[in-house]
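Undergrad: The structure's right below; bear with me while I get my questions together.
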Amino acid sequence: MRRKLAAIIAGTATAALLLGACGNDGSDDPTDGGSEGSDGPVTLTITLNAIAGGKNAAEAAWIEDWVIPEFEAAMAADGTDVTVVFEPQGVDDEDYKTKISLDLQSGGGADIIGMDGIWVGEFAEAGYIQPLSAVGGSAVEEWEGWDQISDAVQNALSFNGERYGIPQGADGRVLYFNKDLFAAAGLPEDWQPTSWEEVLDAGRALAESGVAIPLQINAGTAMGEATTMQGLLPLLVGTGAEVYRDDQWIGGTDELRDVLEFYRTIYVDEQLGDAVLQQEAAGRDTSFAQFAAGEIGILLEGDYFWRSVINPAEGVGTAPMTNRDEVVGYTRIPAQEPGSGINGQDFVSMSGGTGRVLNPNSDNPELAWELLAFMNSAEAYEARAVDGLNITPRADVNAELLASDPMLTFVSDEVLPITAYRPGLAAYPEVSLALQEATEAVVAGDPVDDALANYADAVAGIVGEENVDNG
Amino acid sequence: MSAIDAAAGPRLRRRGRRADDVAGLGRVRAGVFVAPALALIGLFLVFPAVWTIYLGMTNYRLTGLAAANPEFVGLDNFASALTDDAFWHSLWLTLIFVLVSGVIGQTLLGFSIAWALRHVRGWAKSVIETLVLAAWVVPASVASFLWLALLDRRTGTLNALLGTEGTAWLIEYPMVSIIVFNVWVGTAFSMLLFSSALAAVPPSQMESARMVGAGSWQQLRDVVLPNIRGHILTNTLLITLWTFNTFTPYLLTAGGPRDESSILAVYIYTTAIPGGQLGMGAAISLIMLGINLVIALGYLRVARAASGGSK
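Note that the protein sequences, when read in sequence, are chains A and B. Here the first sequence is numbered in the numbering used here, starting from 621 and rising by one per residue. Here the second sequence is numbered in the numbering used here, starting from 17 and rising by one per residue.
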């Protein structure tokens, strides 16, 4: 009898385990059952690397307070019962990328996903995302917004000539500097260096006046793409080279050597920057906080830094500076020497751009497109601007709003005309990582020649020896 | 019920001859009983393992073309892992990590605490044991957060205590940091195991040793250690495997800086997930599994030899 009882218990327990296991196996998408045309309520989800009280807080607030209620109301007026759910994230870009690629790989994920334009190639090749028209239907081509978005901006979210998402605007990189520290070091308030040497000179003057971290330029792997985008690439285009040109990836060339030498001068030879900071896990956030605290003299960052990170408005920035407009100066990034930049330019920058794509796994792709188009209407960008302006992708909105912010006007007028873009190729993220490793090695004290040789090996391993230009 | 009995009848009759069928179930009924367990093991253990072998022979990636159409590459992943300096570097770090933090650190510290506490009774013992256990019980994510706060470069407690302002422990001494961390986390297990082992040492033998004038060290060497040899083996086996496989140090250093604390479990993760090379990650996982098996078999052999010798 006891044996029978044990058998029953064991059987029940096993069944429960199996059931539990199967239960977990199902889709974690809460939208199932909401097939098109059915009368039941439909749920749409949005994932962005934005979260209230943290990263990109203003964007998160805009989604929660404007997009969701307005879209639900508009849909309800049309007789469609739609619930929009925001799934916020507030992590490093690399972690966010890992998360969404795992979501998409397992056939799940939100209906609308925010992503960096530079990931579009590898995601498209993997089949995780599809051209917008293939997912959202014929309504995509007819959208009024395309006429307002320039081709260069649309390219940020395109791959092989097809649009995969709607870009969120243009951005540019500049040198930020602390005017208070500059004044104490006897440097001009309207500083505009014309060569790397002049940047170093300012750093030396700051060091003499007792600034702890005179000059910080992103390096190392801990910062991920921020190292490439806000460090190595703006310097590289200042030498006249590009990471990808004429179907060849940059190898161990003299230009890249010059860039690495510049890093070595800053972090090792003259110790104008904090080398340890570049290796810390939260180094970028720390650099923001230290700049905001007046401990960093010069920092190379994107306009994101101005409009989001140090934005003094309530609940917007992660390192708000109440005196931002008075204390923080910005200037264009000089080429190595006047005229040595790409296209013979004196000043250079890099631009990228994030955007939002539709998830091909969506149960309601056409409704998801309606939501995405709604989020990119002129009205939506105007609502978004209330909590903090950025350069939108829409010409009509920019014409109306940008004039109110001198920094963004500066980027739009002075930086975007001289900027350069990363290649939208699937191999780019891997090459970028190899470049980050090269800067990390130099910052940690390795000889430049070793770092350069290791990089040349790494890039040959990624794209093949025949596709590398070793100068 | 009777139908089942009838079906099992012939096998039940064989029971007398088969001494190993102590439960008297017969093969079929025994099989029915184990089947659910076997199904579970097959589904959640064997299948993933076989799947990992397959993945390890492809160039499968998290993104890009190879994610959509992975190609079969045979043993290429294994070959390139075994010829990659980064892999050997990681394996070397893992060996140091296991030896210093696991085998030496946790075992010695755990035993020392157990030995020191063996005559202590009352609240003092409870307090010390609770403190050591707390490190074991606190979830890894919480523990690593505490350690990040302790070792922080700017506002860390350790720098405040030592007066070493500005020392970035996790960057300047990454291996030392994760080794100390792991000793802190895992000592409780050794302590508990050795506490019970020491309690099982026959008091009469200790008494006899004292009578013939053995000192503390001699008692330990000649009476205690031979008695708890089995416990030491079990403890070392478990700790070696756990430490070899642990991923928690990732939460402190993420393998960095520059892979200086990239022990094998961390190396696999950074290769497979952030690095996107799922096929390569699977291949290294298999190598790691192989090393695990070798360790386990080695210990089993030693244990068998030891128990054979004492008979």
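C-beta: ideal position from N, C-alpha, C; glycine also.
What is the rounded straight-line gap between the Cα of Pro290(B) and the Cα of Ala82(B)?
TA: Counting from one through the second sequence, the residue named residue 290(B) turns up at place 274. Counting from one through the second sequence, the residue named residue 82(B) turns up at place 66. The C-alpha of Ala82(B) is placed about 15 Å away from the C-alpha of Pro290(B).
Undergrad: Counting only beta-carbon atoms, is Phe743(A) nearer than 9 Å to chain B?
TA: Taking the first residue of the first sequence as position 1, residue 743(A) is located at position 123. With 9 Å as the cut-off, Phe743(A) counts as an interface residue toward chain B.
Undergrad: I'd like the list of long-range same chain contacts for Pro958(A), defined as Cβ closer than 6 Å, with 5 residues on each side in sequence excluded.
TA: Stepping through the first sequence from its first residue, residue 958(A) is reached at position 338. Once the five neighbours on either side are set aside, the close Cβ partners of Pro958(A) are Thr814 and Asp966.
Undergrad: Whether or not the stretch 973-986 of chain A and the stretch 728-743 of chain A are in contact is what I'm after, with contact meaning three or more pairs of Cβ atoms, one per stretch, closer than 8 Å; do they touch?
TA: yes
Undergrad: To the nearest angstrom, how far is it from the Cα of Val702(A) to the Cα of Ala677(A)?
TA: By 1-based counting over the first sequence, the position of residue 702(A) is 82. By 1-based counting over the first sequence, the position of residue 677(A) is 57. Distance between the alpha carbons of Val702(A) and Ala677(A) is about 24 Å.
Undergrad: Give a yes or no on whether 9 Å exceeds the smallest Cβ distance from Thr841(A) to chain B.
TA: One-based indexing of the first sequence puts residue 841(A) at position 221. Thr841(A) counts as touching chain B.
Undergrad: How would you write the range of the alpha helix (DSSP H) that Asn775(A) sits in, first residue to last?
TA: Residue 775(A) sits at position 155 when you count from the first residue of the first sequence. Here the alpha helix (DSSP H) through Asn775(A) covers Asp771 to Asn775.
Undergrad: Given Ala213(B), which residues of its chain have a CB within under 6 Å of its CB, disregarding the five upstream and five downstream residues?
TA: On the second sequence, residue 213(B) is found 197 positions in, with the first residue counted as 1. Answer for Ala213(B): Ile244 and His247, listed in chain order.
Undergrad: How is the alpha helix (DSSP H) around Gly47(B) delimited, first residue to last?
TA: Numbered from its first residue, the second sequence carries residue 47(B) at position 31. Taken as a continuous stretch (DSSP letters only), the alpha helix (DSSP H) holding Gly47(B) covers Arg43 to Ile57.
Undergrad: Is Leu807(A) closer than 9 Å to Leu820(A) when the C-beta atoms are compared?
TA: Along the first sequence, read from residue 1 onward, the residue named residue 820(A) stands at position 200. Along the first sequence, read from residue 1 onward, the residue named residue 807(A) stands at position 187. Not a contact, by the Cβ cut-off of 9 Å.
Undergrad: I need the DSSP call for Val113(B), collapsed to helix, strand or coil.
TA: Counting from 1 along the second sequence, the entry for residue 113(B) is found at position 97. As written in the sequence, residue 113(B) is Phe, which differs from the Val given in the question. Here Phe113(B) sits in helix by DSSP.
Undergrad: So is Ile311(B) in contact with chain A if we call contact Cβ pairs under 9 Å?
TA: Within the second sequence, the letter at position 295 stands for residue 311(B). Taking Cβ atoms only, chain A never reaches closer than 9 Å to Ile311(B), which makes this a no.
Undergrad: Span of the beta strand (DSSP E) holding Leu668(A)?
TA: Sequence index remark: in the first sequence, residue 668(A) carries index 48 (1-based). Per DSSP, Leu668(A) belongs to the beta strand (DSSP E) from Val662 to Leu668.
Undergrad: I'd like to know whether the C-beta of Leu78(B) is nearer than 9 Å to at least one C-beta of chain A.
TA: Taking the first residue of the second sequence as position 1, residue 78(B) is located at position 62. By this cut-off, Leu78(B) is an interface position.
Undergrad: Taking only runs of the beta strand (DSSP E) that begin and end inside the stretch 910-942 of chain A, which ones reach a length of at least 3 residues, in chain order?
TA: 916-922
Undergrad: Report yes if the CB atom of Gln812(A) is closer than 9 Å to the CB atom of Arg944(A), and no otherwise.
TA: If you number the first sequence from 1, residue 812(A) lands on position 192. If you number the first sequence from 1, residue 944(A) lands on position 324. Not in contact: Gln812(A) and Arg944(A) (Cβ atoms no closer than 9 Å).
Undergrad: Looking only at its own chain, which residues have a Cβ that is under 6 Å from the Cβ of Leu919(A), when we skip the five neighbours before and after it?
TA: Residue mapping note: residue 919(A) aligns to position 299 of the first sequence, counting from 1. Same-chain partners within the cutoff: Tyr796, Gln836 and Phe911.
Undergrad: Can you give the beta carbon distance from Ile255(B) to Ser206(B), rounded, assuming they're within the 8 Å contact cut?
TA: To locate residue 255(B), count along the second sequence from 1; it is residue 239. To locate residue 206(B), count along the second sequence from 1; it is residue 190. Contact flag correct, Cβ pair sits at about 7 Å.
Undergrad: Which residue or residues does DSSP assign as beta-bridge partners of Asp1089(A)?
TA: The count along the first sequence starts at 1 and reaches residue 1089(A) at position 469. Answer is Ile870(A), bridged to Asp1089(A).
Undergrad: Could you give the residue range of the alpha helix (DSSP H) that holds Pro265(B)?
TA: By one-based count along the second sequence, residue 265(B) stands at place 249. Per DSSP, Pro265(B) belongs to the alpha helix (DSSP H) from Pro265 to Thr269.
Undergrad: Measure the Cβ-Cβ separation of Phe113(B) and Ile303(B) and say whether it is below 9 Å.
TA: Residue numbering aside, residue 113(B) sits at position 97 when the second sequence is read from its first letter. Residue numbering aside, residue 303(B) sits at position 287 when the second sequence is read from its first letter. Cβ distance not < 9 Å, so Phe113(B) and Ile303(B) don't count as in contact.
Undergrad: For Ala993(A) and Thr974(A), I'd like the C-alpha separation in whole angstroms.
TA: Here residue 993(A) refers to the residue found at position 373 of the first sequence. Here residue 974(A) refers to the residue found at position 354 of the first sequence. One C-alpha to the other measures close to 16 Å.
Undergrad: Taking 8 Å as the threshold, find out whether the stretch 669-676 of chain A comes into contact with the stretch 704-719 of chain A through three or more Cβ pairs.
TA: With a cut-off of 8 Å, the stretch 704-719 of chain A and the stretch 669-676 of chain A count as touching, because enough Cβ pairs lie within range.
Undergrad: Counting only Cβ pairs nearer than 8 Å, list the residues of chain B close to Glu1060(A).
TA: The residue you call residue 1060(A) lines up with position 440 of the first sequence. Per Cβ cutoff of 8 Å: Pro273 and Arg274.
Undergrad: Based on the DSSP output, what are the partners of Asp736(A) in its beta bridges?
TA: Here residue 736(A) refers to the residue found at position 116 of the first sequence. According to DSSP, Asp736(A) bridges with Thr974(A).
Undergrad: Within its chain, find whatever has a CB closer than 7 Å to the CB of Pro932(A); leave out the 5 residues flanking it on each side and keep chain order.
TA: Your numbering for residue 932(A) matches position 312 in the first sequence. Pro940, Met941, Thr942 and Arg944, listed in sequence order.
Undergrad: Are the C-beta atoms of Pro64(B) and some chain A residue less than 9 Å apart?
TA: Here residue 64(B) refers to the residue found at position 48 when the second sequence is read from its first residue. For Pro64(B), the answer is no, since every Cβ of chain A falls outside 9 Å of its Cβ.
Undergrad: Answer with buried or exposed for Ser193(B), where buried requires no fewer than 16 other C-beta atoms within 10 angstroms of its C-beta.
TA: As a working note, residue 193(B) is residue 177 in the second sequence. Buried, because 16 or more other Cβ atoms sit within 10 Å of the Cβ of Ser193(B).
Undergrad: Could you check whether Gly202(B) and Ala1046(A) sit closer than 9 Å to each other, using their CB atoms as the reference points?
TA: Within the first sequence, residue 1046(A) is the residue found at index 426, counting from 1. Within the second sequence, residue 202(B) is the residue found at index 186, counting from 1. The answer is no: Cβ separation not under 9 Å.
Undergrad: 9 Å is my cut-off, CB to CB: does Ser815(A) come that close to chain B?
TA: As a first step, residue 815(A) is located in the first sequence; it is residue number 195 there, counting from the start. Cβ-Cβ to chain B under 9 Å: no for Ser815(A).
Undergrad: Just to confirm the assignment, what range does the beta strand (DSSP E) spanning Arg793(A) have?
TA: Against the first sequence, residue 793(A) aligns to sequence position 173. Note, Arg793(A): beta strand (DSSP E), Arg793 to Asn798.
Undergrad: Please name the residue, chosen from Val50(B), Phe63(B) and Gly118(B), that lies closest to Trp258(B) on a Cα-to-Cα basis.
TA: Working through the second sequence from its first residue, we reach residue 258(B) at position 242. Considering only alpha carbons, the answer is Gly118(B).
Undergrad: Would Ala95(B) pass as an interface residue toward chain A - the criterion being a Cβ-Cβ separation below 9 Å?
TA: Working through the second sequence from its first residue, we reach residue 95(B) at position 79. No, Ala95(B) does not count as interfacial toward chain A.
Undergrad: Quick one: what's Ala1040(A) bridged to in DSSP?
TA: Counted from its first residue, the first sequence places residue 1040(A) at position 420. Beta bridge pairing from DSSP links Ala1040(A) with Met970(A).
Undergrad: Just tell me which of Trp816(A), Asn1087(A) and Lys799(A) has its CA closest to the CA of Glu809(A).
TA: As a working note, residue 809(A) is residue 189 in the first sequence. Of the candidates Trp816(A), Asn1087(A) and Lys799(A), the one whose C-alpha sits nearest the C-alpha of Glu809(A) is Lys799(A).
Undergrad: Assuming Gly72(B) contacts Ala298(B) (C-beta within less than 8 Å), just tell me the rounded distance between them.
TA: Here residue 72(B) refers to the residue found at position 56 of the second sequence. Here residue 298(B) refers to the residue found at position 282 of the second sequence. Between Ala298(B) and Gly72(B) the Cβ distance is about 4 Å, and since that is below 8 Å, they are a contact.
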